[in-house]
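Asker: Here you go, one structure.
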Amino acid sequence: MKKIEYYFDFLSPYSYLSWNWVRNKKDVLKEKGFEFEFIPVPMASLIQSHETKGPAQIKPKREYLFKDCLRFSSMNEIPFETPKEIPFNSLYGLRCATSCNAGDDQFDVIDTIFMEGWGRGEDIGNPEKLEALFEQRKLPGKKLLDRVGDNDVRKELKMNLKRAKESDLFGVPSFIVDGEMFWGNDSIQWLEKFLDGNDPLSKQHFDSFVQKYQDV
């Protein structure tokens, strides 16, 4: 199985939109020999490591991106509601979604947070509400939330951030396959072509561009 690394944060509406693709294509891609690795990562820390502002911190950009999300979700019949509180603290959700906490339930834990938060407008930044949402889906909500302060859970999230930085990621959602990175929900069209072996990127032109920019 080839691995598709999927980096995301529940705070990111584009991560939610990309998740709808992931959940719909997961089984199809598995038949083709690809398997997702789900890697929750704190978006704010990743962006700050590049000494830049997040899109939500720039008012015109924030308003534009929500228009963009609404257009995309409408055109693709994806339910889209802003969570009850926004911005919200996604740390509880991220720690619940780590592989060492969620275990075999990782997909369902991630799906619950995304679909209840951005799909139905629930308060996914509230740990008590998160626990209730998990329990509604027959997931061990109390156990998941009780573990968010455990050292192994905290360490995994920190290692995810370190891994993202070492992979030169600068935002979420991001996918990495065979060392090739695809950033943003709108890059999924190129990811699909790459997975099919039909990447339209000219490596020669890309290398030439990079060299010219370095020479400036």
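Position one of the sequence shown corresponds to residue 948 (our numbering), numbered consecutively onward. Every residue, glycine too, gets a C-beta built ideally from N, C-alpha and C.
Any idea which residues DSSP pairs Y1160 with across the strands?
Answerer: Stepping through the sequence shown from its first residue, residue 1160 is reached at position 213. Paired residue(s): none; Y1160 is not in a bridge.
Asker: Specify the secondary structure class of F955 as computed by DSSP and reduced to three states.
Answerer: For the purposes of this step, residue 955 is identified with residue 8 of the sequence shown, where counting begins at 1. Strand at F955.
Asker: Output the boundary residues of the alpha helix (DSSP H) element that contains F1013.
Answerer: Residue numbering aside, residue 1013 sits at position 66 when the sequence shown is read from its first letter. That run of the alpha helix (DSSP H) goes K1006 to M1022.
Asker: Give a yes or no on whether the C-beta atoms belonging to K1061 and Y953 are separated by under 8 Å.
Answerer: Against the sequence shown, residue 1061 aligns to sequence position 114. Against the sequence shown, residue 953 aligns to sequence position 6. According to the sequence shown, residue 1061 is Phe rather than Lys. Cβ atoms of F1061 and Y953: not closer than 8 Å.
Asker: E1113: buried (16+ other C-beta within 10 angstroms of its C-beta) or exposed?
Answerer: Translated into positions along the sequence shown, residue 1113 becomes position 166. So E1113 ends up on the exposed side.
Asker: With DSSP as the reference, identify every bridge partner of S1121, one or two as the case may be.
Answerer: Mapped onto the sequence shown, residue 1121 falls at position 174. Bridge partners of S1121: Y954 and W1130.
Asker: On the DSSP letters alone, give me the boundaries of the alpha helix (DSSP H) that P1074 sits inside.
Answerer: Along the sequence shown, read from residue 1 onward, the residue named residue 1074 stands at position 127. Run containing P1074: P1074 to Q1083, per the alpha helix (DSSP H) assignment.
Asker: Using DSSP bridges, identify the partner residues of P987.
Answerer: One-based indexing of the sequence shown puts residue 987 at position 40. Partner(s): F955.
Asker: With a cut-off of 8 Å on the beta carbons, I'd call A1003 and P1034 a contact; round off their distance for me.
Answerer: For this step, residue 1003 is matched to residue 56 along the sequence shown. For this step, residue 1034 is matched to residue 87 along the sequence shown. P1034 and A1003 do touch by the CB rule: their CB atoms are close to 6 Å apart, below 8 Å.
Asker: For the stretch 1100-1120 against the stretch 1032-1046, are there 3 or more C-beta pairs whose distance is under 8 Å?
Answerer: Touching, yes, given that three or more Cβ pairs across the two stretches are closer than 8 Å.
Asker: If contact is defined by three or more beta carbon pairs under 8 Å, each pair taking one atom from either stretch, is the stretch 1018-1025 in contact with the stretch 1070-1078?
Answerer: no
Asker: For the alpha helix (DSSP H) that P960 lies in, which residues bound it at each end?
Answerer: Sequence index remark: in the sequence shown, residue 960 carries index 13 (1-based). That run of the alpha helix (DSSP H) goes P960 to E978.
Asker: Please state the DSSP three-state secondary structure of E1028.
Answerer: Translated into the one-based positions of the sequence shown, residue 1028 becomes position 81. E1028 falls in the coil class under three-state DSSP.
Asker: Can you tell me where the alpha helix (DSSP H) holding M1062 begins and where it ends?
Answerer: In the sequence shown, residue 1062 corresponds to position 115, counting from 1. Start and end: Q1053 to G1064.
Asker: Inspect the beta-carbon positions of G1144 and W1130 and report whether they are closer than 8 Å.
Answerer: As a working mapping, residue 1144 is identified with position 197 in the sequence shown. As a working mapping, residue 1130 is identified with position 183 in the sequence shown. Their beta carbons are not under 8 Å apart, which means G1144 does not touch W1130 by this criterion.
Asker: Could you say which of G1068, L1116, V988 and S992 lies nearest to V1100 if we only look at CA atoms?
Answerer: Position 153 of the sequence shown, counted from the start, is the residue given in the question as residue 1100. When the alpha-carbon of V1100 is set against those of G1068, L1116, V988 and S992, the nearest one is in V988.
Asker: Does the stretch 1002-1018 come close enough to the stretch 1082-1102 that 3 or more CB-CB pairs lie under 8 Å?
Answerer: no
Asker: Give a yes or no on whether the C-beta atoms belonging to L1080 and D1055 are separated by under 8 Å.
Answerer: Translated into the one-based positions of the sequence shown, residue 1080 becomes position 133. Translated into the one-based positions of the sequence shown, residue 1055 becomes position 108. Contact flag unset, no.
Asker: Can you tell me the Cα-Cα spacing of R1084 and Q1158, whole angstroms?
Answerer: Here residue 1084 refers to the residue found at position 137 of the sequence shown. Here residue 1158 refers to the residue found at position 211 of the sequence shown. Looking at the two C-alpha atoms, the distance is approximately 52 Å.
Asker: For the alpha helix (DSSP H) containing A1111, name the first residue and the last one.
Answerer: Position 164 of the sequence shown, counting from 1, holds the residue named residue 1111. Element bounds for A1111: N1098 to E1113.
Asker: May I ask you to list the residues that DSSP assigns as paired with K949?
Answerer: Locating residue 949 in the sequence shown gives position 2, counting from the first residue. DSSP lists F981 as partners of K949.
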